[in-house]
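*Asks:* Can you read through this structure? Questions will come right after.
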RNA sequence: GCCCAGAUGGCGGAAUUGGUAGACGCAACAGACUCAAAAUCUGUCGUUCGCAAGGAUGUGCAGGUUCGAUUCCUGUUCUGGGCACCA
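Take a look at the structure:
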């Protein structure tokens, strides 16, 4: 072999070797993109996160507040809570729980509608797109959601149940004796049999339907009433509170006034006490509980009456301080109080009228804006103090609110600052009832003073006098103990499009619930999103949709080809042609209904032989206790016989029903009757004539069969059986954003159920949400409403618990850290932060992504927006940086001169260019690094500004973890050697700390624990599988992808996701000696290693022998030596 | 105005029950490896006096309780959040 060949061979071998090494290196490198892609794909394909409702394991429910899918997508602030809950879910799974951890979208809401108004895109479309974006972003982070359980509040399959639950609220009332919700049927029954304090049963039964419905409306948990809305004439629309700024509209600054409109409300005030009490049984943060308590605003006091001089009437006041009754110097009524016009004297009438006009002219916002302004007017009337007969003037003033208490107060200037200011302002003399405790300069609102000048209360401490005074008031029959709440009933309707339509139709001012079977009432498609003619929601513009006629289904039929077939009277032979009507059986007007009634009456007079025969039986036998009616109109249809209770119709057909044409009519009618919940059974004349017994048997069977339908479909649709005339119109407002979110946590338990909102078995199994994670912004809205809904459902026996969330964790808000550049006024020149005071500048937000810390990437900035292409920079050191294109010769670009940006912490938002997209970070560092970094930032509960800088450190840590298994050069380093005690000590210390930290949601310290552990293992060069695989299990919740990859690489079967959490063993941590800190007079002076077995006596001796201690003692005896075993030693001199 | 939470190095933060303040990370500085860069590794790192050993001081501020206080108590300032004429 010649040299050349040999050289060639060795060259080839060398090259081959190089390739092999580089390939091996490639395999051993931490390629997070590949790893994360692989495992996310595998998880999805194998459905590893699919959770069953049927498991022997104990359950655990971890829930995130589901997001509103905004167009902006996720920014780094959103995933904070999601990562925390994901870690916790995965941790619980390792601990052997069946963990429910779902995700969905709160996809109804105003922003989508606003966007639609601006761009003309349909909210359904933008919502769909936004959700897709959100999901793809979420998936990149590697969350363990069971997407099969996803819910979207704007899907008909979801809001069908929101509507159903609304109907439950509508059909329930709050029973004051049992303090719980009950079906309104019970109340109706009570009214009809016993009446109540305002009317007798006879009176109730004599009330018209409209009167009855009005009375019931006052008790329903979801009710309709007239309420004030912010009405903007110029925009022709109703505005939400936050769309009104200082009395004018946010958009366009048009004036906004109060307008009364019919609104829907939830009677949440009935639950005030139980919402308050429930807080003691849940694990929420103190501040969260406090916020809810404040919102509910319970106050205890007394309601009592003051007689008005010269008039028979009394003024009812509410006070929490009945102890100050002898200090009352005047009464104040709210300007809207009903007594105002009655008691005002002729002399004061002009003044009062003027004042009322003034008050009306002021919006709520104005009244709020100038809190301290004192206004009021004397009515001329006087009231009498029931205790001392003192004559006290009655005033009106806007500081008294009509909506709270009785809308009237007794003013005690020496005990209440507002009353005091009022008295001073209007020169009303002040009575002092607390002697020296009142200084004449300001009110003393404490309850600590001793009462004087106070009749039977003299000498009592004010706080003790309260109860005494109330007892006296009750004794005298002039008032009673009374609890008031600040909370108001929750407004539940919005004059908007993108929300759940109400399953309600209106007829003659009576709200009629749609039948359960008619749900979902789908949100119709609209082209325009503008308000209706009277400021109603956009739905009001859909006249075809709003006007129901009878029912939506009937309406459909009328619009279809069947109209022609339905219209003619089907039995002209029987009824005679002279009575034919264009609509026949269909009644959509008063006149048509009258026709139908007339037909029915006539039919009754003229029965067929077969009808008579069966009627005898039905009437006499009263089959199975059910009452039948004959020729009784159902909506526009006149059946031969009907059992209203069972919704069963019986038809005895004459021969003409054999005609094909007639059969089309029949089946069409059967269809829309079934939409009302009615079923039908047909017999021929022959059947009745020949075998009556069999016919009756069939009816009995049908009644039994029908039982579930009849039970379920409440007889609550008067439309079906009462006289229908006049127009039937749909409710045009929609439900607010919190409707869908008030119960979504239940739907996750049983998301595909088409029979009910959530099977009782499922809700019994999953029960309460164990941990609920979300922001504080929902403290008083969503959380109160969902708590109320849960209580209602519990009361009605629909679920088995009355608090939805066992534990609430509030994640802090991640604020944006904005960067600014300073543009010299009028020039395309920017000055660095340190020199900006030398110039007049405009501060511009600059994209944080082109700033490294505070140093601007000047070239990236020039490319950022075309207008900055030629920008000149005055750098921090005063040198210039100009674009080269100005001319190579002229362009100055010193090497390392920096342009420094300004910083400000603000809310994260696109317009401030301070958003950071998680996708970018995941692409650059991987999901595992991103997850751990978000957790490493600080406690989950804390708010903090985002700073990308530190992510490098976490990424270094992850790579260091990887290097415990694979070395860049040596390749595999992990081995299967037996672990030493020292190594196991490191591991078990880590197990203990991770378990503790994860349990208490201290994820930032958990991350640093991992860092410490990996540092220590690196230091002692531990690459042993026995230790490392336990570490992988520990870290799975935090960094699931790398854990799964390494777990698999070191030869484990199955997923680390389902491994068992390592059991901590304290024996590895047992120490024999402790390096005690030795303090002298509390100041640390030395350390001393002492055996843990040492007795206190031995320790004292060792301490006294110590050089440092001796030096400090200077030969004296110590006064005392404090020794706390295992902790520290303190020598007191 | 009322209620709640918080304040610790240049920065994010740790100290779980009153017991070694500043873990872990970032930034900074010094060094090793390298032609160089990246990556990696080692060291220093509250302030202050001192060559050093070793002191002094230090958890918003002022007091207090305690052998000992970031931790408990009182007062106070500031920051963040909530409510806002609720009798």
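Residue numbers (the numbering used here): 541 to 1673. Don't be surprised by glycine CBs; every beta carbon is placed ideally from N, CA and C.
Any contact of the stretch 639-653 with the stretch 1274-1293, i.e. 3+ C-beta pairs under 8 Å?
*Replies:* As far as the Cβ criterion goes, the stretch 639-653 touches the stretch 1274-1293, which means the pair count is three or higher.
*Asks:* Check the C-beta distance from residue 1327 over to residue 1343 and give it rounded, since I have them as a contact under 8 Å.
*Replies:* Between residue 1343 and residue 1327 the Cβ distance is about 7 Å, and since that is below 8 Å, they are a contact.
*Asks:* Excluding the 5 residues flanking residue 804 on each side, which residues of the same chain have their C-beta closer than 6 Å to its C-beta?
*Replies:* Closer than 6 Å at the Cβ level, and outside the excluded window around residue 804, lie 764, 1032 and 1033.
*Asks:* To the nearest angstrom, how far is the alpha carbon of residue 746 from that of residue 707?
*Replies:* The alpha-carbon atoms of residue 746 and residue 707 are separated by roughly 27 Å.
*Asks:* Apart from the five residues just before and just after residue 1536, which ones in its own chain have a Cβ nearer than 7 Å to its Cβ?
*Replies:* Closer than 7 Å at the Cβ level, and outside the excluded window around residue 1536, lies no residue.
*Asks:* State the Cα-Cα distance for the pair residue 1653 and residue 1639, rounded to the nearest angstrom.
*Replies:* Spanning the two alpha carbons is a distance of roughly 17 Å.
*Asks:* Nearest by alpha-carbon distance to residue 961: which of 987, 914 and 1080 is it?
*Replies:* Of 987, 914 and 1080, the residue nearest in Cα terms is 914.
*Asks:* To the nearest angstrom, report how far apart residue 1073 and residue 1268 are at their CA atoms.
*Replies:* Answer to the nearest angstrom: the Cα atoms are 18 Å apart.
*Asks:* For residue 844, list the residues DSSP reports as bridge partners.
*Replies:* Residue 844 is bridged to 857 and 1019.
*Asks:* Count the other C-beta atoms from every protein chain shown that fall within 10 angstroms of the C-beta of residue 1276, then say buried if there are 16 or more, exposed otherwise.
*Replies:* The residue in question, residue 1276, is buried, as its Cβ has 16 or more Cβ neighbours within 10 Å.
*Asks:* Comparing alpha-carbon positions, which option in 734, 935, 1200 and 1193 lies nearest residue 1229?
*Replies:* Selected option, being the one with the closest Cα: 1193.
*Asks:* Just the Cα atoms here: how many angstroms apart are residue 663 and residue 1038?
*Replies:* Computed Cα separation, rounded: 7 Å.
*Asks:* Measuring alpha carbon to alpha carbon, tell me which of 1593, 1516, 1532 and 1538 ends up nearest residue 1568.
*Replies:* Closest option to residue 1568, Cα to Cα, is 1516.
*Asks:* Mind checking who residue 1672 pairs with in its DSSP beta bridge?
*Replies:* Answer is 1660.
*Asks:* Report the option in 851, 1439 and 1423 whose CA atom is closest to the CA atom of residue 1417.
*Replies:* Residue 1439 is the option with its Cα nearest to residue 1417.
*Asks:* According to DSSP, simplified to helix, strand and coil, what is residue 796?
*Replies:* Correct three-state label for residue 796: coil.
*Asks:* Which of the three DSSP states, helix, strand or coil, is assigned to residue 1641?
*Replies:* Helix, per DSSP.
*Asks:* Under three-state DSSP, which class holds residue 1097?
*Replies:* Low confidence applies to residue 1097: its pLDDT is 35, below 50, so where it sits in the model is not reliable, and the reading given next is rough at best. The answer is helix: DSSP assigns residue 1097 an H, G or I state.
*Asks:* Since residue 901 is in the alpha helix (DSSP H), which residue starts that stretch and which ends it?
*Replies:* Here the alpha helix (DSSP H) through residue 901 covers 886-901.
*Asks:* Could you work out which residue in 866, 1483 and 1040 is closest to residue 1448 when comparing CA atoms only?
*Replies:* When only C-alpha atoms are compared, the closest one is 1483.
*Asks:* Kindly indicate which three-state DSSP category residue 1104 falls into: helix, strand or coil?
*Replies:* In this prediction, residue 1104 has a pLDDT of 27, which is less than 50 and means its spatial position is unreliable; nothing more can be read from the coordinates.
*Asks:* For residue 1347, I'd like the list of residues in its chain whose CB is within less than 6 Å of its CB, leaving aside the five on either flank, ordered along the chain.
*Replies:* So the qualifying residues of the chain are 823 and 1311.
*Asks:* Name the DSSP bridge partner or partners of residue 1152?
*Replies:* The partner list for residue 1152 (beta bridge, DSSP) is empty, contrary to what the question assumes.
*Asks:* Quick check: the stretch 684-691 against the stretch 1059-1075, are there 3 or more CB pairs under 8 Å?
*Replies:* With a cut-off of 8 Å, the stretch 1059-1075 and the stretch 684-691 do not count as touching, because too few Cβ pairs lie within range.
*Asks:* Just to check my reading of the structure: residue 593 and residue 1302 have Cβ atoms closer than 8 Å, yes? What is that Cβ distance to the nearest angstrom?
*Replies:* At roughly 5 Å, the Cβ-Cβ gap stays under 8 Å, so residue 593 and residue 1302 are in contact.
*Asks:* Among residues of its own chain, excluding the 5 on either side of residue 1551, which ones have a beta-carbon nearer than 7 Å to its beta-carbon?
*Replies:* Only 1497 meet the Cβ criterion.
*Asks:* Determine the direct distance from the alpha carbon of residue 1022 to that of residue 918, and round the result to whole angstroms.
*Replies:* Whole-angstrom Cα-Cα distance: 28 Å.
*Asks:* Residues in its own chain within less than 7 Å of residue 1647 by CB, not counting five upstream and five downstream?
*Replies:* Correct list: empty, nothing qualifies.
*Asks:* From residue 1180 to residue 1234, what does the alpha carbon distance come to, in whole angstroms?
*Replies:* About 18 Å.
*Asks:* Going along the chain, which residues of its own chain have a beta-carbon closer than 7 Å to the beta-carbon of residue 1452, five neighbours each way excluded?
*Replies:* If we look at residue 1452 and ignore the five residues flanking it on each side, its Cβ neighbours are 1356, 1358, 1385 and 1446.
*Asks:* With a floor of 3 residues, list each beta strand (DSSP E) that falls wholly inside the stretch 934-989, ordered by position along the chain.
*Replies:* Listed in chain order, the complete beta strand (DSSP E) runs (minimum 3 residues) inside the stretch 934-989 are 948-951.
*Asks:* According to DSSP, simplified to helix, strand and coil, what is residue 1251?
*Replies:* Residue placement at residue 1251 cannot be trusted, given a pLDDT of 30 that sits under 50; the coordinates are not used to answer.
*Asks:* Using the rule of at least 16 other Cβ atoms within 10 Å of the residue's Cβ for burial, across every protein chain shown, is residue 530 buried or exposed?
*Replies:* In this structure the chain extends from 541 to 1673, so residue 530 is not present and cannot be described.
*Asks:* For the stretch 1397-1413 against the stretch 1319-1334, do three or more pairs of beta-carbon atoms, one drawn from each stretch, fall closer than 8 Å, so that the two count as touching?
*Replies:* No, the stretch 1397-1413 does not touch the stretch 1319-1334.
*Asks:* With distance defined between alpha-carbon atoms, name the residue in 994, 995 and 965 nearest to residue 982.
*Replies:* Checked all of 994, 995 and 965; the closest Cα to residue 982 is 965.
*Asks:* Using a Cβ-Cβ cutoff of less than 7 Å, which residues in the same chain neighbour residue 612 once the five nearest sequence positions on both sides are dropped?
*Replies:* The answer, listed in chain order, is 1450.
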